[in-house]
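Report on one structure; see the data block that follows.
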Amino acid sequence: MSVVSARSLAEALRALAEAPALVLAGGTDLMVEFESGRTQPARVLDILRVGELRGIALQADGLRLGALTSCTEILRAPLVRQHAPLLLEAAREVGAVQIQNRATLGGNLGTASPAADLNPVLVALGARVRLVSARGARELSVEEFLTGYRATARAPDELIESVLVPHRPASELARFRKVGTRRAQSIAKVVVALTLTRDARGAVAELRAAAGSVAERTLRLATFERTLLGQRLTRRQLSDAARASARSDIRPRDDVRSTADYRRHVLARVLVDLLHADCDAP
Amino acid sequence: MRHVGTDLVRTDGPAKVAGSARYVADLLVPGVWFGGTLRSPVACGTLRGIERDAGFDWSRVVVAGPGDLPGENVQALIVDDQPVLCERDIRHWGEPLLLVAAPDRVTLQAALAALRPRIDEHEGLFDAELSTQVFKELEIARGDVEQAFRAPPDGSRVIEGTYRSDSQEQLYIEPQGCIAWPPAADGSLLVQGSLQCPHYVRKALVRAFGIAPEQARVVQLETGGGFGGKEEYPSVVACHAALLARVAGHPVQLIYERHEDLGVTPKRHPARVRHRTLVAADGTLLALDIDVLFDGGAYTTLSPVVLSRGAIHAAGPYRCENVRIRGRVVATHHVPYGAFRGFGAPQTCFAIERQMDRIARELGLHPAALRRKNALELRGVTATGQVLKESVGAREVLDLALGRSGFERHPWRAARRSEERVRRGLGMSFFFHGAGFTGSGEQLLQGRVRVALLPDGRAEVLAGSTEIGQGTNTLFTAIAADALGAAVDDIVLAQPDTARVPDSGPTVASRTCMVVGGCLERACRELAQRVGAGAAAFRERAAAFLARGGDGVVTVTYRAPAGLSWDDARYRGDAYPVYGWACDVAEVEVDLASFEVRVLRFWTAVDVGKAIQPRLVAGQIEGGSLQAVGFAHLEVVSSERGRVQQDRLATCIIPTTLDTPEFFVDLVEMPFSNGPYGAKGVGELPMDGGAPAVLSAIEDALGLHLDTTPATSERILAAWLAAHPEERL
Amino acid sequence: MRSRSEALGPPIELAFVLNGRPRAVVAPPLRRLLDLLREELALTGTKEGCGEGECGACTVLVDGQATLACLVPCCQVAGCEVRTVEGPELDEIRAAFLAEGGAQCGICTPGMITATAAWIEDCRRSGATVTLAGARQALAGNLCRCTGYARILEAVLLAARERGLRVERGEYGASGESGESRREAAP
């Protein structure tokens with residue numbers, strides 16, 4: 176059993192190329208796994224000191240956030256407030272202060288818990304993940320990246336390097352809601368994020384809606400989007416779309432936190448609630 | 005009085021804020037070994053044997069089984085039905101089968117993983133309604149309930165309701181734990197740990213090890229919360245640790261991980277309470293017919309006493325000529341339930357208060373008006389036939405809480421606009437709680453307190469009462485200082501060590517301030533009289549008194565107030581020497597998308613008799629009220645095939661700062677003649693009223709009468725959809 | 027949770043600053059900072075309430091940030107400044123907790139004190155006003171079962187005042203520094 180604490184991206188990628196390792200960043204998930212004995216890795220790669228994975232920068236194609244960006248950094252970054260405020264809303268709901276100080280964007284993505292708070296926002300924002308390895312780099316959408324229950328498209332020798340949030344239209348509506356087990360330090364029962372743009376006639380031109388804790392992974396609400404695209408946003412349409420989505424887009428379960436029935440109903444009700452005030456009457 | 009009634013800095017405060025207070029896990033014991041428990045993975049079965057992996061080097065550890073106990077394999081408490089270690093019949097998930105100790109934790113974990121119990125699993129019983137094994141049954145009767153229902157007056161109504169409360173986890177932030185030393189040459193034992201009742205632990209060790217009480221020394225260390233959860237369970241931990249220490253020949257530390265603690269320690273008894281009430285048109289309660297069923301889990305533990313207290317409080321703080329309360333607590337294959345603040349009363353108080361709201365609604369009366377109409381007063385008579393002779397702050401607490409909150413002016417369950425996205429509501433509860441042990445309990449206990457002068461003239465208080473956060477040390481310091489005419493610095497509190505302190509009775513039942521503090525006051529007054537008055541400071545006079553050959557030791561035994569009588573067979577008479585009284589009003593906001601509940605403000609007025617330390621008692625009220633708010637809507641404890649599902653802190657939810665209402669606490673002082681400076685016990689009282697007050701407020705907000713606590717968002721949604729079926733998906 | 031990670035990895039040398047003093051220790055890299063503090067360094071003020079990062083009792087400051095010592099492998103504190111409840115510069119907070127009755131059983135108190143320190147110092151750096159709502163947010167990761175939090179929050183405000191920060195009590199239910207994510211939709 177060995178632990179490598181990398182101090183540079185090159186060192187980290189070299190280590191991963193040599194042999195697979197469990198990647199450790201903020202530790203908010205992995206340290207609990209280690210201690211409980213659920214995870215007993217042969218090799219651990221500690222990347223918390225890899226400076227190249229930090230930083231938030233505005234680029235031509237959008238806002239790039241390093242994989243090691245913590246929730247606290249997200250909360251404090253003026254660039255995030257300007258260009259991706261929805262991410263800020265989600266970061267605020269992650270755990271509490273101590274967790275926010277350590278939990279990272281890359282960790283949220285890499286752990287791929289279906290209850291992750293940040294991941295639905297990344298999907299709603301159309302974010303892309305950049306993966307690097309000794310073999311090179313590639314990008315894919317966050318949706319493509321999150322493949323299943325705690326499963327991602329990351330190859331064993333790859334690291335999440337950064338996330339790109341494409342520039343969003345100024346007129347876009349962006350909404351987020353987490354329903355947890357309590358007001359802080361809680362795991363989501365239902366978590367929803369959406370972005371919506373209307374065209375000149377007031378019809379829904381673009382709509383990305385994603386939810387967590389309602390299936391084995393974060394997923395797009397395809398029926399919700401399909402029902403509303405091209406339509407004017409009325410309360411009737413919204414309600415119908417939300418109810419249809421709750422019936423067919425998700426695969427919720429009963430678990431220790433909540434029930435499938437609750438998740439279905441609350442998803443529908445939250446979707447309505449998030450866009451209620453933006454509807455053309457009735 | 006210089007200290008009683010004014011706030012002292014907590015005597016244990018400086019160490020706690022410095023991080024130097026020593027809890028059991030902070031003790032560095034050279035050569036200590038680490039203990040662990042092999043537990044049953046099923047709720048019901050027959051243990052056929054325990055296999056050991058041949059690949060593990062068993063010489064590195066010690067293993068202890070029931071056959072290693074030198075005394076009886078009995079966990080001594082009330083009834084001898086619970087073994088220290090299971091021999092054959094498994095009755096609950098997590099039942100301890102075998103103990104292991106190792107020099108380090110990694111070896112311990114490996115050893116536990118290398119043990120395989122062979123068990124024939126049987127079908128377990130988890131529904132208390134179906135259980136035929138009764139731990140205890142009782143009936144409380146006043147007047148003639150049957151006759152009242154047979155001949156109801158004109159205009160009266162019969163209103164029925166069934167109310168349920170689930171289990172609840174104490175969640176002391178410091179898990180259970182103790183350290184035991186191997187026996188001395190004479191067989192005497194030493195255990196130090198996190199516990200509420202050192203003399204209970206001693207009694208358990210005496211039985212399991214076959215030794216005399218003087219040979220079982222138990223020392224309470226700084227304890228990080230108890231709330232009843234460390235009343236009886238530490239005896240289990242202590243017997244296990246002591247057995248391992250004996251077999252290992254090393255001191256053994258047995259400190260539970262949170263996961264284990266949540267899975268196997270006793271929690272609040274789940275309850276089902278049925279009400280059938282005959283009420284006059286004007287809201288006067290004519291007859292209360294109440295049926296109480298508690299699930300006791302696998303073993304008796306404290307269930308008879310929990311049922312007792314729950315049943316006695318089941319009719320609420322109300323006048324009613326005809327009352328029948330039938331109660332039973334039964335066995336199931338759940339992990340045994342045990343003590344948790346309130347001890348049966350929160351469950352039955354929840355039921356009567358929800359029933360009162362139901363009655364108010366059906367009669368078209370305001371809930372506050374209904375309470376006022378029926379509230380007991382001075383010289384009122386309770387369900388057990390007790391005449392309330394003194395210290396009844398019923399009207400005062402109603403006036404204060406209702407006045408401050410404006411609840412009486414608030415139109416309860418008024419119609420709401422359907423477009424509201426969130427709804428606010430107000431609701432109330434009114435309740436009392438008997439202080440001290442039930443009936444003749446205190447007389448039987450014969451609790452004692454000793455005060456002894458030290459050579460330098462300071463006074464040492466020796467009592468078996470423990471500081472577990474509620475302020476015992478500070479209360480005793482204030483009482484002793486004033487009763488002696490001494491300074492705070494003149495008072496020394498002996499650590500609760502059974503080798504040094506008398507048995508003052510357990511630190512439970514809202515008795516520490518009133519009963520033990522009362523004995524302390526008497527002892528100090530006696531000592532002050534012996535020392536004599538004078539111009540010099542107490543310490544000087546006391547030292548001089550000793551130098552003269554004076555006897556500086558006073559021991560006082562509890563004396564029940566005159567004129568109290570209790571019939572234990574018929575549950576009639578003076579159930580408690582006195583009651584604490586309270587009224588809660590809760591303001592909630594319910595989100596109609598998610599049915600999440602926020603408790604925004606919480607008013608509580610409490611009659612404490614005398615606030616020995618006002619800030620301390622307000623702190624107790626805030627803390628207890630928040631536990632009740634958690635019980636009302638957040639804190640879920642459920643079981644699947646007898647296994648607790650919320651076995652991690654991530655899933656066992658208690659309120660954070662953001663789940664906490666703004667508290668408005670009003671203290672009322674209606675002095676009790678047999679309490680120190682008029683004080684009466686209130687440690688548990690705040691736990692009783694929060695849940696019904698919150699559900700009353702939710703009812704106001706949503707127009708839904710919920711009858712089960714916790715009123716989780718899931719349950720509220722289900723009730724809402726039942727009332728608004730068009731919203732179903 | 028008991029250090030299974032003890033078994034993982036050969037020990038490394040670790041240098042960091044603890045409560046203002048440079049320290050050097052040798053420990054397995056994944057050993058929890060919590061255990062390093064309590065055992066190797068005999069600083070038992072930092073408590074373990076759950077071992078899963080949920081209760082906040084193990085809160086320490088790492089480079090000025092409130093951090094759960096049960097979730098930090100000690101290889102990650104190399105070169106950092108770690109402060110615990112035993113450390114200096116916490117006296118005003120201690121005094122405030124005593125004055126306001128902010129401690130009952132005391133097991134959550136060390137974590138409350140360090141979390142308070144992290145927040146107050148952060149407010150001072152940013153010039154933010156200390157409010158009651160902000161204090162609630164700042165301590166939302168610290169569970170207390172005894173007090174109902176009321177007196178802890180008063181202690182935080184008092185400590186901030188004693189440290190010369192601008193304190194405006196404000197509304198209990200107001201949004202804290204980070205604000206509410208739930209939007210009140212107009213009816």
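Residue numbers (my numbering), protein chains in the order written: chain Y, 176 to 457; chain C, 5 to 733; chain U, 27 to 213.
Ideal placement from N, C-alpha and C gives every residue a C-beta, glycine not left out.
query                                                                                                                         : result
Three-state secondary structure (DSSP) of C:K393                                                                              : coil
Nearest-angstrom Cα separation, counted from C:F542 out to C:I495                                                             : 11 Å
Residues bridged to C:L119 (per DSSP)                                                                                         : C:R56
With 16 other Cβ atoms within 10 Å as the buried cut-off, status of C:V698                                                    : buried
Chain C within 9 Å of Y:D436, Cβ atoms only                                                                                   : yes
Rounded C-alpha distance that separates C:A319 from C:V385                                                                    : 12 Å
C-beta neighbour in chain U for C:L134, strict 9 Å                                                                            : no
Extent of the continuous alpha helix (DSSP H) to which Y:Y324 belongs                                                         : Where Y:Y324 is concerned, there is no enclosing alpha helix (DSSP H), given that its DSSP letter is neither H nor E.
Enclosing beta strand (DSSP E) for Y:R313 [first to last residue]                                                             : G311 to S316
C:Q196 - partner residues in DSSP beta bridges                                                                                : C:I183 and C:V223
U:L69, enclosing beta strand (DSSP E) - first and last residue                                                                : Premise fails: U:L69 is in no beta strand (DSSP E) and is neither H nor E.
Rounded C-alpha distance that separates Y:T398 from Y:Q406                                                                    : 14 Å
Simplified DSSP state of Y:G285, which is helix, strand or coil                                                               : helix
Spatial neighbours of Y:A287 in its chain, beta-carbon cut-off 7 Å, leaving aside the 5 residues before and after             : L321, R325, A326, T327 and R392
Which of helix, strand or coil DSSP assigns to C:A284                                                                         : coil
Which listed residue (Y:L199, Y:T409 and Y:T370) has its alpha carbon closest to that of Y:P341                               : Y:T370
Below-9 Å beta-carbon distance, U:C172 vs any chain C residue                                                                 : yes
Buried versus exposed call for Y:L233 [16 or more other C-beta atoms within 10 Å across all chains shown]                     : exposed
Cβ distance (whole Å) where C:A485 is taken to contact C:R529 below 8 Å                                                       : Rounded, the Cβ-Cβ distance is 12 Å, inconsistent with contact.
Cβ-Cβ distance between C:P696 and C:C353 below 9 Å                                                                            : yes
Neighbour-count burial assignment, C:G460, 16 or more Cβ in a 10 Å radius                                                     : Just to set this straight, residue 460 of chain C is Asp in the shown sequence, not Gly. Classification of C:D460: exposed, given that the 10 Å Cβ count is below 16.
DSSP three-state assignment for Y:V198, whether helix, strand or coil                                                         : strand
Expected contact under 8 Å - CB spacing of U:T72 and U:L62 to nearest Å                                                       : About 10 Å separates the two Cβ atoms, so there is no contact after all.
Nearest neighbour of C:A114, chosen from C:V104, C:Q499 and C:P121 [CA to CA]                                                 : C:V104
Where C:I658 meets chain U, residues with beta-carbon distance less than 7 Å                                                  : L169 and R171
Y:R218 beta carbon less than 9 Å from that of Y:D178                                                                          : The amino acid occupying residue 178 of chain Y in the given sequence is Val; Asp does not appear at that position. In contact: Y:V178 and Y:R218 (Cβ atoms closer than 9 Å).
Nearest residue (CA-CA) to C:T336, options C:R652, C:Y27 and C:E127                                                           : C:E127
Burial state of C:V33 (16 or more Cβ within 10 Å)                                                                             : exposed
Coil, strand or helix - C:H437 by DSSP                                                                                        : strand
At least three beta-carbon pairs within less than 8 Å, the segment 343 to 363 of chain Y to the segment 302 to 320 of chain Y : no
Inter-residue spacing [alpha-carbon to alpha-carbon] between Y:L262 and Y:Q360                                                : 18 Å
Cα-Cα separation, C:G556 to C:A546                                                                                            : 8 Å
Pair within 9 Å by beta-carbon distance, U:G116 and U:V156                                                                    : A small fix is needed here, since residue 116 of chain U is Leu in this sequence, not Gly. Against a cut-off of 9 Å, the Cβ pair of U:V156 and U:L116 comes out as no contact.
Proximity test, Cβ basis, 9 Å: Y:D448 and chain C                                                                             : yes
Backbone secondary structure at Y:E333 - three-state DSSP                                                                     : coil
Classification of C:H7 by the beta-carbon crowding that lies within 10 angstroms, buried from 16 upward                       : buried
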